[in-house]
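Enquirer: In our numbering, the protein residues as written are 964 to 1146. Handing you a structure now.
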Amino acid sequence: MTAISVCVFCGARPGNSPKYSAAATEFGTMLAEQGMRLVYGAGDVGLMGDVARAAQAAGGETFGVIPEHLVRWEVGKTDLTSYVITETMHERKKVMFMNCDAIVVLPGGAGSLDEFFEVLTWRQIGLHEKPVIVLNIDGYWDKLIELLDHVIEQGFADASLRKFVSVVSCAEQAIGSVHEALG
(Lines of atoms letter the chains of each structure in order from A and count residues from 1; the text may use other names and numbers.)
(Lines give C-alpha, C1' and ligand atoms only; values in the text may rest on other atoms or scores of the structure.)
Protein backbone atom coordinates (compact mmCIF):
# COMPACT_ATOMS: atom_id res chain seq x y z
CA MET A 1 0.00 0.00 0.00
CA THR A 2 1.27 3.47 -0.88
CA ALA A 3 1.87 5.80 2.05
CA ILE A 4 -0.41 8.75 2.53
CA SER A 5 1.10 11.93 1.10
CA VAL A 6 0.31 15.20 2.83
CA CYS A 7 0.89 18.51 1.09
CA VAL A 8 1.87 21.25 3.53
CA PHE A 9 1.41 24.89 2.67
CA CYS A 10 3.29 27.20 5.05
CA GLY A 11 5.51 30.22 5.34
CA ALA A 12 8.98 30.70 3.94
CA ARG A 13 9.47 32.87 7.02
CA PRO A 14 9.34 31.80 10.67
CA GLY A 15 6.76 34.38 11.73
CA ASN A 16 6.89 36.31 14.99
CA SER A 17 5.96 33.55 17.41
CA PRO A 18 8.17 30.59 18.29
CA LYS A 19 4.93 28.58 18.52
CA TYR A 20 4.74 28.48 14.72
CA SER A 21 8.16 26.89 14.31
CA ALA A 22 7.48 24.48 17.16
CA ALA A 23 4.20 23.40 15.54
CA ALA A 24 5.84 22.97 12.12
CA THR A 25 8.57 20.85 13.69
CA GLU A 26 6.05 18.78 15.63
CA PHE A 27 3.90 18.27 12.53
CA GLY A 28 6.87 17.20 10.37
CA THR A 29 7.96 14.75 13.04
CA MET A 30 4.46 13.31 13.43
CA LEU A 31 4.04 12.93 9.66
CA ALA A 32 7.18 10.83 9.47
CA GLU A 33 6.31 8.81 12.57
CA GLN A 34 2.93 7.98 10.99
CA GLY A 35 4.66 6.81 7.81
CA MET A 36 3.22 9.70 5.80
CA ARG A 37 5.16 11.45 3.04
CA LEU A 38 5.66 15.21 3.22
CA VAL A 39 4.90 17.11 0.00
CA TYR A 40 5.85 20.78 0.23
CA GLY A 41 7.50 23.75 -1.48
CA ALA A 42 11.10 22.46 -1.17
CA GLY A 43 12.40 25.48 0.73
CA ASP A 44 14.89 25.25 3.59
CA VAL A 45 13.82 28.50 5.24
CA GLY A 46 11.02 29.50 7.60
CA LEU A 47 8.33 27.01 8.51
CA MET A 48 8.97 25.13 5.26
CA GLY A 49 12.47 24.30 6.41
CA ASP A 50 11.26 23.43 9.92
CA VAL A 51 8.66 20.91 8.73
CA ALA A 52 11.03 19.30 6.23
CA ARG A 53 14.00 18.99 8.57
CA ALA A 54 11.76 17.49 11.24
CA ALA A 55 10.28 14.95 8.81
CA GLN A 56 13.77 14.01 7.64
CA ALA A 57 15.12 13.71 11.20
CA ALA A 58 12.27 11.31 12.01
CA GLY A 59 13.10 9.18 8.96
CA GLY A 60 10.25 10.39 6.76
CA GLU A 61 10.00 10.60 3.01
CA THR A 62 10.04 14.12 1.61
CA PHE A 63 8.88 15.39 -1.79
CA GLY A 64 9.76 19.02 -2.53
CA VAL A 65 8.73 21.17 -5.47
CA ILE A 66 10.23 24.58 -6.12
CA PRO A 67 10.11 26.95 -9.09
CA GLU A 68 13.43 27.82 -10.64
CA HIS A 69 13.17 31.52 -9.70
CA LEU A 70 12.83 30.71 -5.97
CA VAL A 71 15.68 28.20 -5.61
CA ARG A 72 18.04 30.84 -4.19
CA TRP A 73 15.46 32.90 -2.27
CA GLU A 74 13.81 29.94 -0.53
CA VAL A 75 17.12 28.03 -0.36
CA GLY A 76 16.06 24.94 -2.30
CA LYS A 77 16.47 21.89 -0.05
CA THR A 78 18.25 19.48 -2.37
CA ASP A 79 18.69 16.63 0.14
CA LEU A 80 15.03 15.61 0.01
CA THR A 81 13.85 12.16 -1.04
CA SER A 82 12.50 13.81 -4.21
CA TYR A 83 13.41 17.32 -5.34
CA VAL A 84 11.60 18.79 -8.35
CA ILE A 85 12.35 22.15 -9.98
CA THR A 86 9.51 23.66 -12.01
CA GLU A 87 9.44 26.62 -14.37
CA THR A 88 6.53 28.47 -12.73
CA MET A 89 4.60 28.87 -9.49
CA HIS A 90 1.51 27.46 -11.20
CA GLU A 91 3.40 24.33 -12.15
CA ARG A 92 4.74 24.05 -8.59
CA LYS A 93 1.23 24.11 -7.12
CA LYS A 94 -0.03 21.60 -9.66
CA VAL A 95 2.80 19.13 -9.01
CA MET A 96 2.36 19.45 -5.25
CA PHE A 97 -1.40 18.96 -5.49
CA MET A 98 -1.17 16.01 -7.89
CA ASN A 99 1.25 14.23 -5.56
CA CYS A 100 -0.76 14.43 -2.36
CA ASP A 101 -3.79 12.86 -0.72
CA ALA A 102 -4.51 15.67 1.77
CA ILE A 103 -3.58 19.31 2.31
CA VAL A 104 -2.58 20.87 5.63
CA VAL A 105 -2.12 24.64 5.91
CA LEU A 106 0.23 25.93 8.60
CA PRO A 107 0.82 29.64 9.29
CA GLY A 108 2.12 31.52 6.30
CA GLY A 109 1.71 34.60 4.15
CA ALA A 110 0.31 35.51 0.76
CA GLY A 111 1.75 32.41 -0.92
CA SER A 112 0.11 30.10 1.60
CA LEU A 113 -3.17 31.96 1.20
CA ASP A 114 -2.92 31.64 -2.58
CA GLU A 115 -2.32 27.91 -2.29
CA PHE A 116 -5.13 27.48 0.25
CA PHE A 117 -7.71 29.39 -1.78
CA GLU A 118 -6.80 27.58 -4.98
CA VAL A 119 -7.33 24.10 -3.48
CA LEU A 120 -10.45 25.30 -1.64
CA THR A 121 -11.89 26.69 -4.88
CA TRP A 122 -11.10 23.46 -6.72
CA ARG A 123 -12.87 21.55 -3.95
CA GLN A 124 -15.87 23.90 -4.06
CA ILE A 125 -16.35 23.39 -7.80
CA GLY A 126 -15.94 19.62 -7.55
CA LEU A 127 -12.46 19.13 -9.02
CA HIS A 128 -11.27 17.08 -6.05
CA GLU A 129 -12.35 15.59 -2.74
CA LYS A 130 -9.04 15.80 -0.88
CA PRO A 131 -9.29 16.97 2.73
CA VAL A 132 -8.15 20.54 3.39
CA ILE A 133 -7.03 21.05 6.98
CA VAL A 134 -6.09 24.38 8.53
CA LEU A 135 -3.66 24.05 11.42
CA ASN A 136 -4.67 27.14 13.39
CA ILE A 137 -1.68 27.57 15.69
CA ASP A 138 -2.40 29.98 18.53
CA GLY A 139 -5.35 31.45 16.60
CA TYR A 140 -3.20 32.47 13.62
CA TRP A 141 -5.92 31.62 11.08
CA ASP A 142 -8.89 32.97 13.09
CA LYS A 143 -9.35 35.92 10.72
CA LEU A 144 -9.26 33.57 7.72
CA ILE A 145 -12.06 31.46 9.19
CA GLU A 146 -14.00 34.64 9.96
CA LEU A 147 -13.53 35.71 6.34
CA LEU A 148 -14.88 32.40 5.04
CA ASP A 149 -17.91 32.77 7.33
CA HIS A 150 -18.37 36.36 6.11
CA VAL A 151 -18.27 35.25 2.46
CA ILE A 152 -21.00 32.72 3.24
CA GLU A 153 -23.07 35.20 5.30
CA GLN A 154 -22.92 37.72 2.46
CA GLY A 155 -24.22 35.19 -0.05
CA PHE A 156 -21.06 34.67 -2.12
CA ALA A 157 -20.75 30.98 -1.22
CA ASP A 158 -22.97 28.22 0.08
CA ALA A 159 -22.60 27.07 3.68
CA SER A 160 -21.01 23.92 2.24
CA LEU A 161 -17.81 25.94 1.73
CA ARG A 162 -17.03 25.67 5.46
CA LYS A 163 -17.54 21.90 5.32
CA PHE A 164 -14.62 21.66 2.90
CA VAL A 165 -12.20 23.00 5.52
CA SER A 166 -11.35 21.30 8.81
CA VAL A 167 -9.85 23.61 11.41
CA VAL A 168 -7.62 22.12 14.10
CA SER A 169 -5.38 23.67 16.72
CA CYS A 170 -2.46 21.24 17.05
CA ALA A 171 -0.34 18.83 15.02
CA GLU A 172 -1.91 15.78 16.65
CA GLN A 173 -5.40 16.91 15.60
CA ALA A 174 -4.17 17.57 12.06
CA ILE A 175 -2.77 14.05 11.78
CA GLY A 176 -6.03 12.71 13.23
CA SER A 177 -8.03 14.68 10.66
CA VAL A 178 -5.95 13.24 7.82
CA HIS A 179 -6.54 9.71 9.11
CA GLU A 180 -10.26 10.37 9.65
CA ALA A 181 -10.73 11.82 6.17
CA LEU A 182 -8.75 9.14 4.35
CA GLY A 183 -9.80 6.14 6.40
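Heads up, the beta-carbon is just placed ideally off N, CA and C, and yes, glycines get one too.
(1) Between which two residues does the alpha helix (DSSP H) containing Ser980 stretch?
(2) Output the distance between the C-alpha atoms of Pro1030 and Met1061, rounded to the nearest integer angstrom.
(3) Throw me the rounded Cβ distance for the Ser937 and Gly974 pair, which I believe falls under 8 Å.
(4) Distance check for Val1047 and Gly1006, CA to CA, integer angstroms please.
(5) Locate the beta strand (DSSP E) running through Ser1045, then write down its first and last residues.
(6) With DSSP run on the structure shown, which of helix, strand or coil describes Gly1027?
(7) Is Val1008 near the ligand NAP, in the sense that its beta carbon is under 8 Å from a heavy atom of that ligand?
(8) Looking only at its own chain, which residues have a Cβ that is under 6 Å from the Cβ of Met964, when we skip the five neighbours before and after it?
(9) Tell me where the beta strand (DSSP E) around Asn968 begins and ends.
(10) Output yes or no for whether 9 Å exceeds the beta carbon distance between Val1028 and Gly1004.
(11) In chain order, what residues of the same chain lie with their CB nearer than 7 Å to the CB of Glu996, ignoring the 5 residues before and after it?
(12) Using a Cβ-Cβ cutoff of less than 7 Å, which residues in the same chain neighbour Ala1122 once the five nearest sequence positions on both sides are dropped?
(13) Would Ala985 and Leu1001 be called neighbours here (beta carbons separated by less than 9 Å)?
(14) If I measure Cβ to Cβ from Thr1044 and keep anything under 7 Å in the same chain, skipping five residues before and after, which residues do I get?
(15) For His1091 and Asn1099, I'd like the C-alpha separation in whole angstroms.
(16) Along the alpha helix (DSSP H) that carries Gln1016, what are the first and last residues, could you check?
(17) Report the three-state DSSP secondary structure of Arg1086 (helix, strand or coil).
(18) For Lys982, which residues from the same chain have a beta carbon less than 7 Å from its beta carbon, with the 5 sequence-adjacent residues on both sides left out?
Expert: Let me spell this out:
(1) As a first step, residue 980 must be located in the sequence shown, where it is residue number 17. Where Ser980 is concerned, there is no enclosing alpha helix (DSSP H), given that its DSSP letter is neither H nor E.
(2) Counting from 1 along the sequence shown, the entry for residue 1030 is found at position 67. Counting from 1 along the sequence shown, the entry for residue 1061 is found at position 98. Between Pro1030 and Met1061, the C-alpha separation is close to 16 Å.
(3) Given a span of 964 to 1146 for the chain in the structure shown, any question on residue 937 remains unanswerable.
(4) As a position in the sequence shown, residue 1006 is number 43, starting the count at 1. As a position in the sequence shown, residue 1047 is number 84, starting the count at 1. About 11 Å.
(5) To locate residue 1045, count along the sequence shown from 1; it is residue 82. Start and end: Ser1045 to Thr1049.
(6) The residue given as residue 1027 occupies position 64 in the sequence shown. Correct three-state label for Gly1027: strand.
(7) Here there are no bound small molecules, and the ligand NAP is not part of this structure.
(8) Your numbering for residue 964 matches position 1 in the sequence shown. Annotation note: pLDDT 47 at Met964 (below 50); position unreliable, no value reported.
(9) On the sequence shown, residue 968 is found 5 positions in, with the first residue counted as 1. Going by the sequence as given, residue 968 is Ser instead of Asn. It spans Ser968 to Phe972 - the beta strand (DSSP E) in which Ser968 sits, taken as one unbroken run.
(10) In the sequence shown, residue 1028 corresponds to position 65, counting from 1. In the sequence shown, residue 1004 corresponds to position 41, counting from 1. Yes, these two residues count as a Cβ contact at 9 Å.
(11) Along the sequence shown, read from residue 1 onward, the residue named residue 996 stands at position 33. Ala1021, listed in sequence order.
(12) In the sequence shown, counting from the first residue as 1, residue 1122 sits at position 159. For Ala1122, where only same-chain residues beyond five positions count, the Cβ hits under 7 Å are Ile1115.
(13) Within the sequence shown, numbered from 1, the residue matching residue 985 stands at position 22. Within the sequence shown, numbered from 1, the residue matching residue 1001 stands at position 38. No; because the gap between Cβ atoms is not below 9 Å, this pair is not in contact.
(14) Position 81 of the sequence shown, counted from the start, is the residue given in the question as residue 1044. The answer, listed in chain order, is Glu1024, Thr1025 and Phe1026.
(15) Here residue 1091 corresponds to residue number 128 of the sequence shown, with the count starting at 1. Here residue 1099 corresponds to residue number 136 of the sequence shown, with the count starting at 1. About 23 Å.
(16) The count along the sequence shown starts at 1 and reaches residue 1016 at position 53. What sits at residue 1016 in the sequence shown is Arg, not Gln. Counting along the chain, the alpha helix (DSSP H) containing Arg1016 begins and ends at Gly1009 to Ala1020.
(17) Against the sequence shown, residue 1086 aligns to sequence position 123. In this structure, Arg1086 counts as helix in the three-state DSSP scheme.
(18) Walking along the sequence shown from the start, residue 982 turns up at place 19. Excluding sequence neighbours, Lys982 sits near Ile1100 and Asp1101.
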